[in-house]
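Taken in sequence, the protein lines are chains A and B. Heads up: the first sequence at position 89 corresponds to 89 in my numbering, and the numbers run straight through without jumps. Position in the second sequence (from 1) plus 328 gives the number in my numbering.
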Amino acid sequence: MSRILTYREALREGLDEELARDSNVVLMGEEVAQYNGAYKVTEGLWKKWGDKRVVDTPISEAGFIGMGIGASMLGVRPVMELMFWSFHSVAFDQLVSNAACVRYMSGGLCNCPIVVRGPANGGTGVGATHSHIPEGLFAAFPGLKVCVPATPADAKGLIKAAIRDNDPVYVMENTLLYGTTGEVPDPADGDHIVPLGVADLKREGTDVSLIAHGRSVIQALAAAEILQSEHGINAEVLDLRSIRPIDQDAILKTVMKTNKVVLVDESKPFGGVSAMVAMLIQDHAFDYLDAPIKRVCSLDAPAIYSPHIEHEQLPNPRRIVEKVLTIA
Amino acid sequence: MTSAAPIPLDFASSPINQALTPERKVELYSQMVRIRQFESTALKYYQGGKMSGFLHLYIGQEAVAVGTISLGGADDHFITAYRDHGHALAVGMGMNECMAEMFGKQTGCSKGKGGSMHFFAPDKNFWGGHGIVAGQTPLGLGLAYGLKYLGREGCCLCFLGDGAVNQGAFHESLNIASLFGIPVVYVIENNGYSMGTSQKRSSAYNSCLAQRAEAYAIEWDVIDGSNLYEVRAKTHIAMERARKEQKPTVLEIDTYRYYGHSVADSSHKGGYRTPEEIENYKQNHDPISVFKRILIAEGVLTDVMADQIKVAAKNEAAASVKFAEESPAPTIADIGTDVYWETDNNTSASKIGRHFFND
């Protein structure tokens with residue numbers, strides 16, 4: 001039996017289950033405990049688990065993320081919230097020089113089983129400093145893993161997989177998805193885990209493949225409905241879910257099926273996730289392409305504030321439909 | 329009117345030093361000599377083109393690593409920055425694995441993947457060897473947090489240079505250490521220069537750098553790093569405060585490096601410091617000479633023994649060079665291991681999805 005949960009509740013259920021499963025799992029971050037989380041993802045968990053397991057930190061991202069990395073080397077499994085992934089830049093040295101490299105530089109002697117999670121999205125009128133979308137940036141560092149859930153079920157399944165993984169996993173959520181709802185398997189039916197590295201076909205189609213992750217999946221699904229009803233184009237929507245490791249097989253399978261592909265990616269165009277996916281497609285499925293690979297990314301500028309125009313900077317159904325019509 | 333010289337405190341008679349057996353005292357002396365001989369040998373082969381990258385020598389600072397780390401128990405942990413050879417040998421790492429690491433060989437402590445700045449030995453509670461100034465200070469905080477979380481009565485000694493005190497990550501760490509009651513002891517090894525910039529030109533302070541701890545309600549102390557007994561006596565107090573009271577301390581240990589920031593630092597003689605300054609330290613404050621005089625006065629060490637220790641250390645270092653030279657280099661296949669725990673361990677998770685993107 002599945003239930004309808006919000007994305008936020010699904011994440012919380014995943015965190016709660018992992019706190020129960022492993023006494024070394026500890027949640028930490030700004031406002032995660034007594035305030036119940038800036039976006040209420042951790043609501044109720046401090047009350048249930050107490051000071052040791054759910055820890056409020058000062059606004060010191062380099063300090064507490066570095067602390068979590070150090071503790072993880074001793075076997076603690078910190079799950080650290082960035083109130084916004086945009087704040088990664090003040091902790092960048094810890095996130096990339098320490099978390100990503102300590103295993104390598106020690107010749108495999110040190111482990112870093114941490115999770116860093118929080119929202120990474122535009123579209124909320126908070127301007128450029130709070131709207132960074134860094135999944136491609138962090139996936140570019142060998143040693144790190146990155147996943148981006150789009151639905152409540154995937155949010156729960158991926159956060160649990162991330163916590164159990166023995167490498168550093170950065171989970172990028174979305175403030176615009178926290179309140180969205182969807183079916184999530186009942187815990188009574190067994191542990192719901194979504195392994196890293198497995199994409200999910202969110203809509204079957206025959207004419208063109210839309211490959212996306214995060215909220216862009218939702219936009220692609222909406223675009224697919226318009227393409228079907230208004231243009232008679234049957235689009236397939238593949239949700240990457242995991243950026244690194246990435247499900248290359250699923251990407252190639254849908255491209256080989258439809259022979260046309262539009263990549264939908266909230267990243268900026270230069271070097272974003274979709275740039276890497278385009279590289280994989282041309283390298284491994286060149287002969288299957290009936291048209292150039294096209295992309296719908298965020299328009300190439302820092303995130304604009306204006307609520308009148310902000311949604312036009314991001315991938316949206318209109319922009320996706322227009323791009324599909326150039327090749328399909 | 330003449331002012332009386334301050335009466336030096338008798339650190340030799342502090343309980344933690346009284347507890348040292350004559351054999352242990354000679355062992356600590358030997359450790360310092362071994363570090364110096366290892367570093368001298370490394371310098372020779374670095375200049376001979378056998379190593380790549382940087383070489384940050386510990387010569388002149390030996391009493392800091394040996395004195396502090398000699399106090400470590402089963403649950404005490406250590407982490408430092410890039411000038412890490414002294415700490416590595418002090419925790420018990422062998423010269424072979426350290427020299428081989430700098431030669432970039434498979435038999436190095438990090439399989440030739442870390443180099444001079446990145447020595448590790450978790451089995452000896454030594455967590456590196458970190459290249460970014462102050463980048464290790466939150467990690468040291470985390471090791472100590474981990475000890476507290478896991479319910480172990482230990483502490484973490486986190487070493488940093490005097491240049492690192494001006495990095496934000498260190499200040500964030502001090503605040504959290506005090507706020508959360510973390511058993512970490514920050515040891516500022518103050519050799520007077522952050523690379524080529526003197527303390528006065530790089531740091532704003534009242535009496536000393538460690539005093540900044542007062543702003544975070546953290547205890548602090550200043551130590552003469554040329555005297556191993558003083559290093560041990562005062563560090564012991566800080567470690568006990570961490571272990572028993574779960575409180576951090578900031579220690580500032582005054583010391584000196586004879587060589588440059590790294591061997592690539594050519595202006596350390598006659599550039600930003602004078603030859604007289606270097607010579608004064610060697611004559612009057614050299615930690616090995618100071619401890620040697622003390623141990624000879626105590627009747628624990630003789631000149632003959634000291635000579636034997638030096639020769640043995642020199643031979644050990646020479647043997648480590650031979651070991652390093654004869655060891656195999658990493659292979660191209662080795663480049664791709666030790667990136668992910670899951671792929672190294674061939675887990676089911678590692679077989680799902682693409683982890684690497686070579687062709």
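Just so you know, even glycine gets a beta-carbon here, dropped at the ideal spot from N, CA and C. Remember, predicted model here, so these are calculated numbers, not experimental data.
Does the beta carbon of residue i come closer than 8 Å to any beta carbon on chain B?
i: Gln282/A; result: no
i: Asp247/A; result: yes
i: Asp287/A; result: no
i: Phe270/A; result: no
i: Arg318/A; result: no
i: Tyr104/A; result: yes
i: Ala150/A; result: no
i: Pro315/A; result: no
i: Gly108/A; result: yes
i: Asp93/A; result: yes
With DSSP collapsed to three states, give me the class of residue i.
i: Asp631/B; result: helix
i: Asp300/A; result: coil
i: Asp239/A; result: strand
i: Ala150/A; result: coil
i: Arg8/A; result: helix
i: Leu212/A; result: Per the sequence shown, the amino acid found at residue 212/A is Ala instead of Leu. If DSSP states are grouped into helix, strand and coil, Ala212/A belongs with the strands.
i: Gly599/B; result: coil
i: His405/B; result: strand
i: Trp455/B; result: coil
i: Asp200/A; result: strand
i: Met28/A; result: strand
i: Phe487/B; result: strand
i: Arg480/B; result: coil
Please report the straight-line C-alpha distance between residue i and residue j, rounded to a whole angstrom.
i: Met329/B; j: Val578/B; result: Here Met329/B scores only 43 on pLDDT, less than 50, and its place in the model is too uncertain to base an answer on.
i: Arg53/A; j: Thr42/A; result: 12 Å
i: Phe684/B; j: Gly443/B; result: 23 Å
i: Glu523/B; j: Ala161/A; result: One point to set straight first is that residue 523/B is Met, not Glu, in the sequence displayed. Near 44 Å, if we compare the C-alpha coordinates of Ala161/A and Met523/B.
i: Trp46/A; j: Ser380/B; result: 50 Å
i: Asn612/B; j: Ile606/B; result: 10 Å
i: Thr57/A; j: Leu502/B; result: 13 Å
i: Thr6/A; j: Met276/A; result: 31 Å
i: Leu221/A; j: Val237/A; result: 7 Å
i: Ile344/B; j: Ala561/B; result: 6 Å
i: Ala625/B; j: Asn673/B; result: 55 Å
i: Val273/A; j: Val115/A; result: 20 Å
i: Tyr373/B; j: Asp300/A; result: 51 Å
i: Thr349/B; j: Gly400/B; result: 16 Å
i: Gln495/B; j: Lys575/B; result: 22 Å
i: Ile211/A; j: Leu263/A; result: 5 Å
i: Ser349/A; j: Pro134/A; result: Outside the displayed range of chain A (1 to 328) lies residue 349/A, so it cannot be described from this structure.
Which term fits residue i, buried or exposed, when burial requires 16 or more other beta carbons within 10 angstroms of its beta carbon?
i: Thr175/A; result: buried
i: Met1/A; result: exposed
i: Phe487/B; result: buried
i: Lys156/A; result: buried
i: Tyr533/B; result: exposed
i: Tyr557/B; result: buried
i: Val79/A; result: buried
i: Asn519/B; result: buried
i: Gln346/B; result: exposed
i: Ala153/A; result: buried
i: Ala592/B; result: exposed
i: Gln282/A; result: exposed
Determine, using beta carbons only, whether residue i comes closer than 8 Å to chain A.
i: His446/B; result: yes
i: Cys437/B; result: yes
i: Gly489/B; result: no
i: Gly442/B; result: yes
i: Tyr477/B; result: yes
i: Tyr544/B; result: no
i: Glu517/B; result: no
i: Arg682/B; result: yes
i: Ser380/B; result: no
Are the C-beta atoms of residue i and some chain E residue less than 8 Å apart?
i: Ser131/A; result: Here chain E cannot be found, since the structure's protein chains are A and B.
Check each residue of the stretch 2-27 of chain A: if its Cβ is closer than 9 Å to any Cβ of chain B, include it; give the result in chain order. Asn24, Val26
Interface positions of the stretch 410-436 of chain B facing chain A (Cβ-Cβ less than 8 Å), listed along the chain: Gly436
Residues, ordered as in the chain, of the stretch 448-467 of chain B that lie near chain A by beta-carbon distance below 7 Å: Phe448, Pro450, Trp455, Gly456, Ile460, Gly463, Pro466, Leu467
Would you list, in chain order, the members of the stretch 184-204 of chain A that have their beta-carbon closer than 9 Å to a beta-carbon of chain B? Pro195, Leu196, Gly197, Val198, Ala199
Give, in chain order, every residue of the stretch 142-171 of chain A whose Cβ lies closer than 7 Å to some Cβ of chain B. Pro142, Gly143, Asp165, Asn166, Asp167
If the cut-off is 8 Å on Cβ atoms, which residues from the stretch 614-642 of chain B count as contacting chain A, listed in chain order? none
Using a Cβ-Cβ cut-off of less than 9 Å, list which residues of the stretch 60-71 of chain A approach chain B; keep chain order. Ser60, Glu61, Ala62, Gly63, Phe64, Ile65, Gly66, Met67, Gly68, Ile69, Gly70, Ala71
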